[in-house]
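Following: one structure in C-alpha cells, then a few remarks.
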Amino acid sequence: QLDNNHFTSSEIPHSYTKMSKLRKLSLRNCGLQGSIPDFSSIPALDYLDLSHNNLTGEIPSTTLSMNITTIDLSHNKLNGSISSNFSALPKLQRLSLDNNQLSGAVPVSIGLNVSFGSNTTLLLDFRNNSLSNINTSTIETIPNITMWLGGNPVCNQDNQRVIAELCGTQNRIEDSGGSNNNSIISCDLNSCPPPDYEYIPDSKCFCVAPFEVGFRLKSPGFSYFPPYIESFEDYMTSGLNLNLYQLSIDRYIWEPGPRLSMILKFYPPKNQAVRIFNDSEIRRIREKFAGWTIRDNYLFGPHEWINITLEGQYATVNLGSSEGSGLSKHALVGIVIGTIFGTTVVSSIVIVMVFKWHINHTNSASKRKLLGSRKRVKVTGVKDFDFEEMALATQNFSTSMQIGQGGYGKVYKGILSDGTIVAVKRALEGSLQGEKEFSTEIDLLSRVHHLNLVSLVGYCDDEGEQMLVYEYMSNGTLREHLSASSEKPLNFVQRLRISLGAARGILYLHNEANPPIFHRDIKASNILLDHRFNARVADFGLSRLAPVPDLEGSAPGHVSTVVKGTPGYLDPEYFLTHKLTDKSDVYSFGVVLLELLTGMQPISHGKNLVREVNMAYESGMMLSMIDLRIGSYPSECLEPFANLALSCCKNETDARPSMSEVVHKLEKILQFTPGADTTHMQSVEMDALRKPFSVEKASQNPSVSSNILGSDLLSGTTPSIEPR
1 QLDNNHFTSS
11 EIPHSYTKMS
21 KLRKLSLRNC
31 GLQGSIPDFS
41 SIPALDYLDL
51 SHNNLTGEIP
61 STTLSMNITT
71 IDLSHNKLNG
81 SISSNFSALP
91 KLQRLSLDNN
101 QLSGAVPVSI
111 GLNVSFGSNT
121 TLLLDFRNNS
131 LSNINTSTIE
141 TIPNITMWLG
151 GNPVCNQDNQ
161 RVIAELCGTQ
171 NRIEDSGGSN
181 NNSIISCDLN
191 SCPPPDYEYI
201 PDSKCFCVAP
211 FEVGFRLKSP
221 GFSYFPPYIE
231 SFEDYMTSGL
241 NLNLYQLSID
251 RYIWEPGPRL
261 SMILKFYPPK
271 NQAVRIFNDS
281 EIRRIREKFA
291 GWTIRDNYLF
301 GPHEWINITL
311 EGQYATVNLG
321 SSEGSGLSKH
331 ALVGIVIGTI
341 FGTTVVSSIV
351 IVMVFKWHIN
361 HTNSASKRKL
371 LGSRKRVKVT
381 GVKDFDFEEM
391 ALATQNFSTS
401 MQIGQGGYGK
411 VYKGILSDGT
421 IVAVKRALEG
431 SLQGEKEFST
441 EIDLLSRVHH
451 LNLVSLVGYC
461 DDEGEQMLVY
471 EYMSNGTLRE
481 HLSASSEKPL
491 NFVQRLRISL
501 GAARGILYLH
511 NEANPPIFHR
521 DIKASNILLD
531 HRFNARVADF
541 GLSRLAPVPD
551 LEGSAPGHVS
561 TVVKGTPGYL
571 DPEYFLTHKL
581 TDKSDVYSFG
591 VVLLELLTGM
601 QPISHGKNLV
611 REVNMAYESG
621 MMLSMIDLRI
631 GSYPSECLEP
641 FANLALSCCK
651 NETDARPSMS
661 EVVHKLEKIL
671 QFTPGADTTH
681 MQSVEMDALR
691 KPFSVEKASQ
701 NPSVSSNILG
711 SDLLSGTTPS
721 IEPR
C-alpha cells in the first residue's frame, strides 16, 4: 500500500506487474499518469486500487487474477468501454469505475458469472461516466447485485423503473460501502429547486433545505472508510440526538497524518409543514460540535469541528446565544438576584475555607510555614484533588493498594468518593517539580486525548505533595501478560491488536499532540491494557516534549538530553549522538514487537533480544523464537510482522520506518489475519519448524501452531534465551 505518495516517475512502474506473489496493490492518490499496465500475470492479486490519479487510455482487456475481490479505478480519465472480462472473475465483490470517461453500453454479461451464490454480493459503481445503454432485464434477475449509474446519459431514460432506481439519489456517498438498498423513488426535481433545497436521501421525496458542517477525524482507527460509514453515521446522529436519515456524508478526503476530513450534510426532520431548521436547532447542533460534547470512541476519536456553512435559507441565522433573544425584565431581575446570591455563597465559602485553613495552620504550624512560600497549582479542565481525598481513596497510601513503582514514584489504585477507580502516581520527594513546571505538565496532559493513550483524570498539589491521577487500567501492563507466570496468555490476534493500538497512540503523540511529544521510554510495562485488552500508552509528559520550531518554522528534530530510556529499549544511536528523535521511539516500539512475538524480555541473562532474533532470522530459524503460548497463527502473517519488528530495530535511524508507516503495515497484517475464526487454522507438522522461515513454506501452510517443545527444535544454530 503506497497511497498518497508521489513517485519520481509519473507512470506505474512496469516492475509491479512482475511481482508474482503480490496480493494487494494500492496506489491511491499518487499523481500517476499514463495507461494501466497489464496485471494479469499476478495470480495471487486479490485487491487493486488505482483510484484518484490521472490515468488515461482504455482499461486492459486481459483477465485479472481469479482471486481478486476488489477493483477500484475510479476518479481517473479512462475512456473506451467497460470490458466484459470483468464477468469472468468469480470472487469479485466490488468494481468501482466511477468518475471516468467510459462510454458505450454496460456489458450484458457483467453479472452473469455462475460462481455468484445467494450469499455473495457484487457492487458495480459506474457513476459519472458517459454510458448510454444498459440491458435492464439482466440486472432485474440477479437480486444480489447493486449497480450505481447516476451521472450517465443512460439516466435520461428514467421513464423505465429499473433505470430510475439505478440512477437514484442513494448514490450520494462516494465509496459508500456497498449498500444494497437501491429502491429509490424517482422524484420531481422541479418541485425541489437547487441549490437551497434537495430531497432527503432514501426518503419518499421529502424536499428540505440542508446545511453543511466541516468535520475531521484526527486519528481514525482505520485506513479505509467505506466499511465504517454506516457506523460513523449512527455514532454521529446519536451524539447529536438526530434521526439517522438526517445525516449524509457529502464528500470526504484523506489528508496527511493520516486524517480524514469530510463534509457532513444535515437535513431537517421529515415534516410536510416545515422544510428548514429553525435558528435554535442550528445553534444547538453547532454548540454540540463547538462544545466537544460528542464523545470519542475507539474508531472515530479524536476529532475536530472545522466549520459550519450557512448559506441560502440559512444566510441570516444568528448563531449568537443571547443577541436577539428578547430577555424580559423578569429574566434580567432574576439574573441580578442570582448574581447577588451567588456572590454571597462564594463569599461564605471563602470565609469557611479561610477559617479551616487557620485551624489547620494552628495545628501544624511548622508544616504550613514550609509551604507558605508556594502557591498551589490550578489548572482548568481536570479535577484538582486535595491530599485528604487522595489519602482516603488509597486507604492512606496502603501497601495493599500499591500497583506499581517507577522513577517518578509509587503508583496506587484509588477509589474516589463517587466510586470511580483511578491510578494515583505519587511523586517521590526528589521528583517534585516547581510550580510552573508542574502546572505546564498538567496542562499538557489534560490536552492529550486519544483512545490509545491513558487519560489524565486530575492532579493533587497539596501539603507538599504532587500526584497525577489517571484512568485505571484493569488488565495491568503488557509486560505482565507476556511473562511466564501470566494466567492470561495473549493469542496472536490479541498481540496484533495490542501492537496496532499502541502504534496509533504513539503516532498521535508524534503527529497530533500540540506540541508534539517524543515518548522516550516506550516499553512493555508502559503499555497498559484496559478491560477489553485495548492498548493504552502511558508515562508521557513534559520532560518528553519534542523540539519546538523556531520563528522560521524549522526544528532540530531531536532532543539532546540525559538518558531517559530503559536498557534493552534504548536507541543505539543515542550512545553516539546523545540525541533522541521520533525514530528513537520507533526503535523502542520495535523491541516491544519482538517481545510480543517471542514472549522474551529485552535483556535476559546477558543476552540481547534484538541481536538474538536477528541471528535466528538470518539463519532461517525464526520460528524457533516464537512464544510457545501464542497459540495458532496464520503463517503468512508472521513473516511481515517479524520483518516490521526488525526494521524498527535497525541500528541506523534513517533505515527505520516512521510511526505512520508502522501503523499502516500493522493494519495490513491484521486485515489479512483471520481474527475471529481461529478454529479453522490448521497446524503444520513439527518438522516444518525445523526448516528456514520462507514465504514459500508460509504459503503452503496457512497457519502454524506454536505449541512445540524446545527440545524439538534444532540446537546449535541459534542460542536460546532462557528463561522466558
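The sequence shown begins at 1 in full-length UniProt numbering and counts up one residue at a time.
Backbone N, C-alpha and C fix where the C-beta goes; we use that ideal spot for every residue, glycine too.
{"Check": "Buried or exposed (CB count within 10 angstroms, at least 16 for buried), Asn271", "Outcome": "exposed"}
{"Check": "Range of the contiguous beta strand (DSSP E) that encloses Glu652", "Outcome": "Element bounds for Glu652: n/a, residue is neither H nor E."}
{"Check": "Local conformation of Lys410 per DSSP, three classes", "Outcome": "strand"}
{"Check": "Residue range of the unbroken alpha helix (DSSP H) whose run includes Val382", "Outcome": "First-last for Val382: undefined, no H or E at that position."}
{"Check": "Exposed unless 16 or more other CB atoms sit within 10 angstroms - verdict on Gly407", "Outcome": "exposed"}
{"Check": "Simplified DSSP state of Asp521, which is helix, strand or coil", "Outcome": "coil"}
{"Check": "Best match in Leu310, Asp296 and Glu311 for proximity to Glu304 [C-alpha to C-alpha]", "Outcome": "Asp296"}
{"Check": "Stretch pair the region 469 to 487 + the region 416 to 424: three plus CB contacts closer than 8 Å", "Outcome": "yes"}
{"Check": "Outcome for Leu122 when other beta-carbon atoms lying within 10 angstroms are tallied against a minimum of 16", "Outcome": "buried"}
{"Check": "Cross-strand partners of Gln466 (DSSP beta bridge)", "Outcome": "Asp461"}
{"Check": "When Glu463, Leu217, Phe438 and Tyr199 are compared against Pro210, the one with the closest alpha-carbon", "Outcome": "Tyr199"}
{"Check": "8 Å Cβ cutoff met for Asp462 and Gly312", "Outcome": "no"}
{"Check": "Proximity of Leu73 and Leu50 at Cβ, strictly below 8 Å", "Outcome": "yes"}
{"Check": "Glu573 (DSSP reduced to helix, strand or coil)", "Outcome": "coil"}
{"Check": "Close beta carbons around Thr717, own chain, < 7 Å, minus the five adjacent residues each side", "Outcome": "Low confidence applies to Thr717: its pLDDT is 31, below 50, so where it sits in the model is not reliable, and the reading given next is rough at best. Once the five neighbours on either side are set aside, the close Cβ partners of Thr717 are Ser619 and Met621."}
{"Check": "Cross-strand partners of Gly214 (DSSP beta bridge)", "Outcome": "Ile263 and Asn307"}
{"Check": "Arg495 classed as buried or exposed, judged by whether at least 16 other C-beta atoms fall within 10 angstroms", "Outcome": "buried"}
{"Check": "Inter-residue spacing [alpha-carbon to alpha-carbon] between Lys410 and His75", "Outcome": "57 Å"}
{"Check": "Beta-carbon proximity of Phe641 to Leu597, cut-off 8 Å", "Outcome": "yes"}
{"Check": "Status (buried if at least 16 other CB within 10 Å, exposed otherwise) for Asn129", "Outcome": "buried"}
{"Check": "Assigned exposure category for Ser474 - 16 Cβ within 10 Å defines buried", "Outcome": "exposed"}
{"Check": "Assigned exposure category for Gln101 - 16 Cβ within 10 Å defines buried", "Outcome": "exposed"}
{"Check": "Inter-residue Cα distance where the pair is Thr17 and Thr653", "Outcome": "32 Å"}
{"Check": "Buried versus exposed, by CB contacts within 10 Å (16 or more), Ile498", "Outcome": "buried"}
{"Check": "Gln433 (DSSP reduced to helix, strand or coil)", "Outcome": "coil"}
{"Check": "Three-state secondary structure assigned by DSSP to Leu124", "Outcome": "strand"}
{"Check": "Rounded C-alpha distance that separates Ala538 from Ser483", "Outcome": "19 Å"}
{"Check": "Distance between Thr673 and Asn85 (C-alpha atoms, nearest Å)", "Outcome": "30 Å"}
{"Check": "For Leu528 and Ala616, the rounded distance between their alpha carbons", "Outcome": "29 Å"}
{"Check": "One or two residues paired with Glu198 in a DSSP bridge", "Outcome": "Val208"}
{"Check": "Beta strand (DSSP E) segment containing Val422, residue limits", "Outcome": "Ile421 to Ala427"}
{"Check": "Limits of the unbroken beta strand (DSSP E) element including Asn133", "Outcome": "Ser130 to Asn133"}
{"Check": "Length of the line joining the Cα atoms of Asp582 and His510", "Outcome": "7 Å"}
{"Check": "Same chain, Cβ closer than 7 Å to Tyr587, five either side skipped, listed in chain order", "Outcome": "Asp571, Cys648, Cys649 and Arg656"}
{"Check": "Coarse secondary structure for Glu487, derived from DSSP in three states", "Outcome": "coil"}
{"Check": "Residue nearest to Leu32 in terms of C-alpha spacing, selected from Leu78, Glu287 and Pro90", "Outcome": "Leu78"}
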